[in-house]
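Have a look at the structure below before the remarks.
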Amino acid sequence: MSRKRTISSTSNKPSYLNFDHESYGWKANIDYREHPELYRIGRGEQGVLTCQPYKNEICPYWRFKTIEQAIQSSDKIYELFLNYLHQNDFVGADMARKYLQMGFTRSRRYANHTSGRKYDKKTFDILPQEETHMNNEKAQSANIFKEKWFEAKNNELYKEMANKHRTMYEKKSTRNSTKD
């Protein structure tokens, strides 16, 4: 079964190869704790490797190579998530949620493709998945992160804070759930 891939309108290459840094909504030179009004929730993991000071606070704990690392990492990042909520720091909580999501997606990438490479270098076709992609160690790591990610994104206080952030800073109508 072939999978869809996003390609740019001008070539057969994945869209991330034509990434527009100028229009990207998250900037590394902004302190989002000092300026939460500049933070955008976005979709999925957007901004996760950019937004400071949260990248420096959360990224050192982000590991998924082994099941044990995934357990320790997801537990620690979820603890940070709860701490950010307790401190009324929505941006920090959202960034922690994004790291949990990224733990899932990156673990799945390596479960599906041991090399981590999804596309063929020359043709940009999607490479075949590993035969063990549903139950290998990285798949188990992905499930560990997925459980914590869903705990975070379904947290009632988090959802309330996300709606408040959107209303105050993103000028969008409130919703009962967040996009991720």
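Position 151, counted from 1, in the sequence shown is what my numbering calls 161; the numbers after and before it change by one each time, with no gaps. We treat Cβ as the ideally placed atom computed from N, Cα and C, and that holds for glycine.
CA nearest to the CA of residue i, picked from the options
i: Tyr-49; options: Phe-114, Ala-103, Ala-121; result: Ala-103
i: Lys-181; options: Arg-43, Ile-51, Tyr-34; result: Ile-51
i: Leu-137; options: Asn-146, Lys-148, Met-144, Ser-125; result: Ser-125
i: Ile-77; options: Thr-177, Ala-162, Ile-154, Asn-164; result: Ile-154
i: Thr-177; options: Trp-159, Arg-53, Glu-47, Asn-146; result: Glu-47
i: Leu-59; options: Asn-146, Ala-38, Glu-141, Tyr-71; result: Ala-38
i: Leu-110; options: Phe-134, Asp-135, Ala-80; result: Ala-80
Backbone CA spacing between residue i and residue j [nearest angstrom]
i: Gln-150; j: Lys-169; result: 27 Å
i: Arg-185; j: Arg-127; result: Interpretation of Arg-185 is limited by its pLDDT of 46, a score under 50 that renders its predicted location unreliable; the figure taken from the coordinates is listed afterwards. Each residue's alpha carbon lies about 36 Å from the other.
i: Glu-166; j: Lys-132; result: 46 Å
i: Lys-163; j: Tyr-179; result: 20 Å
i: Leu-92; j: Glu-161; result: 11 Å
i: Asn-66; j: Asn-98; result: 19 Å
i: Asn-146; j: Gln-56; result: 27 Å
i: Met-112; j: His-143; result: 18 Å
i: His-45; j: Met-105; result: 14 Å
i: Asp-130; j: Glu-141; result: 18 Å
i: Ser-84; j: Ile-40; result: 26 Å
Residues near residue i in its chain [Cβ-Cβ closer than 6 Å; skip 5 each side]
i: Phe-100; result: Met-171, His-175
i: Lys-156; result: Phe-114
Beta-carbon proximity of residue i to residue j, cut-off 9 Å
i: Gln-82; j: Arg-73; result: yes
i: Lys-158; j: Ile-87; result: yes
i: Ile-68; j: Leu-95; result: no
i: Gly-35; j: Lys-108; result: no
i: Tyr-42; j: Tyr-71; result: no
Own chain, CB closer than 7 Å to residue i, minus 5 neighbours either side, in chain order
i: Ala-152; result: Phe-114, Ser-117, Arg-118, Ala-121
Which residues DSSP lists as bridging residue i, in chain order
i: Asp-41; result: Gln-62
i: Ile-154; result: The partner list for Ile-154 (beta bridge, DSSP) is empty, contrary to what the question assumes.
i: Ile-136; result: Tyr-129
Contacting residues, own chain, Cβ-Cβ under 8 Å from residue i (five flanking each side not counted)
i: Gln-139; result: Asn-122, His-123
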